[in-house]
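J.: Handing you this structure, nothing more for now.
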Amino acid sequence: MKGRLDRFVWDNTTPEAVLLRQLLKQHFMGFESVGIIGGLVRDFALGGRYAFKSDLDLVIQGDPREVAQLASRVGAVANRFGGFGYAEGPWKIDFWALQNTWAATAGHVAVRDLADVVRCTFFDWDAVVYDLRNRRVVCDKTYFQRIHSRQLEISLRSNPGEMGNLLRAARRIIRWRLTPGPVLAKFIVEQLDERTFAALKASERRKYGDRMLDGFSSAAQLRAMLLDGTRLQRELAGQMALALEPSL
């Protein structure tokens, strides 16, 4: 995976990759160190360049005041997790100072360098960083084994965005045909009821172009599907078969 990331970030000649290099060099590479966390790296682990469907998340080791000054220069908007977000061309970039990582400021994880950030993610599949300066992938030694197992689990349970994580869990399990680990399964059982089900569907309609939850009529139906990986795969296979049948 490191080789694929190296080629995409540093050698790829597509317009989006060229723009990414320009943005990194112009705004971010002047800091002590910068890492791409989660999304892009995870998607490359799943299926390479063409699996990448995420925003770009950058964690910056440097003075938080300088990170805030950068945000002001590029017109980034502050978010409730201590970071900033802005868009440039096809790229939607979220970035934050290392020491402002939510898990660190909330006292859950001691964060001193990029390697510590992999202990700060809600999902274990997001617990991976591509260190841009040193061109290395930082993750737990079992990371790729977990990806290969197709089981999604919670890494750090404490998180301020439970509804957002519940929605992401549902969409990831459905889209990638995963099974939830024991802790994530318990989280789904505890959090998914008719009230949160309605809120999830409304949130998905606002945030995503593809609506994966519209096919479910109740929290119980969605919960049963998410917790039964075998059933999920059967249902998806059936939907694909129907989509391929010629119309009469």
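Letter by letter, the sequence shown follows residues 1 to 248 in the working numbering.
C-beta atoms are modelled at their ideal positions from N, C-alpha and C, and glycine is treated no differently.
Please state whether DSSP places Ile60 in a helix, a strand or coil.
T.: Sequence index remark: in the sequence shown, residue 60 carries index 60 (1-based). The answer is strand: DSSP assigns Ile60 an E or B state.
J.: Quick check: what's the CA-CA separation for Pro182 versus Leu56?
T.: Indexing the sequence shown from 1 puts residue 182 at position 182. Indexing the sequence shown from 1 puts residue 56 at position 56. Answer to the nearest angstrom: the Cα atoms are 29 Å apart.
J.: Excluding sequence positions up to five away, which residues of its chain have a Cβ less than 6 Å from the Cβ of Ile174?
T.: Here residue 174 refers to the residue found at position 174 of the sequence shown. The answer, listed in chain order, is Met212.
J.: Here's the rule I'm using: 16 or more other beta-carbon atoms within 10 Å means buried, otherwise exposed. How should Leu20 be labelled?
T.: The sequence position of residue 20 within the sequence shown is 20, counting from 1. So Leu20 ends up on the buried side.
J.: Does the separation of the CB atoms of Ser158 and Asp124 fall below 7 Å?
T.: One-based indexing of the sequence shown puts residue 158 at position 158. One-based indexing of the sequence shown puts residue 124 at position 124. Taking 7 Å as the Cβ cut-off, Ser158 and Asp124 do not qualify as a contacting pair.
J.: Taking the alpha-carbon positions, what's the Asp126 to Gly39 distance?
T.: Mapped onto the sequence shown, residue 126 falls at position 126. Mapped onto the sequence shown, residue 39 falls at position 39. Approximately 7 Å between the Cα atoms of the pair.
J.: For Thr105, which three-state DSSP category applies?
T.: Along the sequence shown, one-based indexing puts residue 105 at 105. Helix, per DSSP.
J.: Ala45: which of Lys25, Lys201, Ser149 and Gln69 sits nearest, CA to CA?
T.: Within the sequence shown, the letter at position 45 stands for residue 45. Ala45 has its Cα closest to that of Ser149, out of Lys25, Lys201, Ser149 and Gln69.
J.: What separation, rounded to the nearest whole angstrom, lies between the Cα atoms of Val128 and Ser218?
T.: What you label residue 128 is simply residue 128 of the sequence shown in a count that begins at 1. What you label residue 218 is simply residue 218 of the sequence shown in a count that begins at 1. Val128 and Ser218: Cα-Cα distance of roughly 34 Å.
J.: For Trp91, which beta-bridge partners are listed by DSSP?
T.: Here residue 91 corresponds to residue number 91 of the sequence shown, with the count starting at 1. Glu88.
J.: Roughly how many angstroms separate the alpha carbons of Gln26 and Gln99, rounded to a whole number?
T.: Numbered from its first residue, the sequence shown carries residue 26 at position 26. Numbered from its first residue, the sequence shown carries residue 99 at position 99. When rounded, the distance between both Cα atoms is 22 Å.
J.: With 16 as the cutoff for other CB atoms within 10 Å, does Val77 come out buried or exposed?
T.: Translated into the one-based positions of the sequence shown, residue 77 becomes position 77. With fewer than 16 Cβ atoms within 10 Å of its Cβ, Val77 is classed as exposed.
J.: What span of residues does the alpha helix (DSSP H) with Tyr143 cover, start to end?
T.: Working through the sequence shown from its first residue, we reach residue 143 at position 143. Start and end: Tyr143 to Ser149.
J.: Quick check: the Cα distance between Gln191 and Ala106, rounded to an integer number of angstroms?
T.: As a position in the sequence shown, residue 191 is number 191, starting the count at 1. As a position in the sequence shown, residue 106 is number 106, starting the count at 1. So the alpha carbons of these two residues sit roughly 22 Å apart.
J.: Following the continuous alpha helix (DSSP H) through Gly181, name the residue where it begins and the one where it ends.
T.: Taking the sequence shown and counting its residues from 1, the one referred to as residue 181 is at position 181. Looking at the DSSP string, Gly181 is not in any alpha helix (DSSP H), and its letter there is neither H nor E.
J.: Per DSSP, Tyr130 forms a beta bridge with which residues?
T.: Here residue 130 refers to the residue found at position 130 of the sequence shown. In the DSSP output, where bridge partners are listed per residue, Tyr130 has Ile36 and Val137.
J.: If you measure between the beta carbons of Glu153 and Leu184, is that distance less than 7 Å?
T.: Along the sequence shown, one-based indexing puts residue 153 at 153. Along the sequence shown, one-based indexing puts residue 184 at 184. Result yes, Cβ atoms of Glu153 and Leu184 sit closer than 7 Å.
J.: Considering only residues of the same chain and omitting the five flanking positions on each side of Ala270, which have a CB-CB separation below 7 Å?
T.: It is not possible to answer for residue 270, since the shown part of the chain is limited to 1 through 248.
J.: Kindly indicate which residue of Ala220, Lys186 and Phe122 has the alpha-carbon position closest to the one of Ala198.
T.: Position 198 of the sequence shown holds residue 198. Of the candidates Ala220, Lys186 and Phe122, the one whose C-alpha sits nearest the C-alpha of Ala198 is Ala220.
J.: With DSSP as the reference, label Val118 as helix, strand or coil.
T.: Working through the sequence shown from its first residue, we reach residue 118 at position 118. If DSSP states are grouped into helix, strand and coil, Val118 belongs with coil.
J.: Go ahead and label Thr121 buried or exposed: buried means 16 or more other beta carbons lie within 10 angstroms of its beta carbon, across all protein chains shown.
T.: Position 121 of the sequence shown holds residue 121. That one is buried.
J.: Would you tell me roughly how many angstroms separate the C-alpha atoms of Arg136 and Glu194, rounded to the nearest one?
T.: As a working note, residue 136 is residue 136 in the sequence shown. As a working note, residue 194 is residue 194 in the sequence shown. When rounded, the distance between both Cα atoms is 44 Å.
J.: If you run the structure through DSSP and keep just helix, strand and coil, what is Phe8?
T.: To locate residue 8, count along the sequence shown from 1; it is residue 8. It is helical.
J.: Taking the beta carbon of Gly83 as the centre, do at least 16 other beta carbons fall within 10 Å, making it buried, or is it exposed?
T.: Here the question's residue 83 lines up with position 83 in the sequence shown. Per the 10 Å Cβ criterion, buried.
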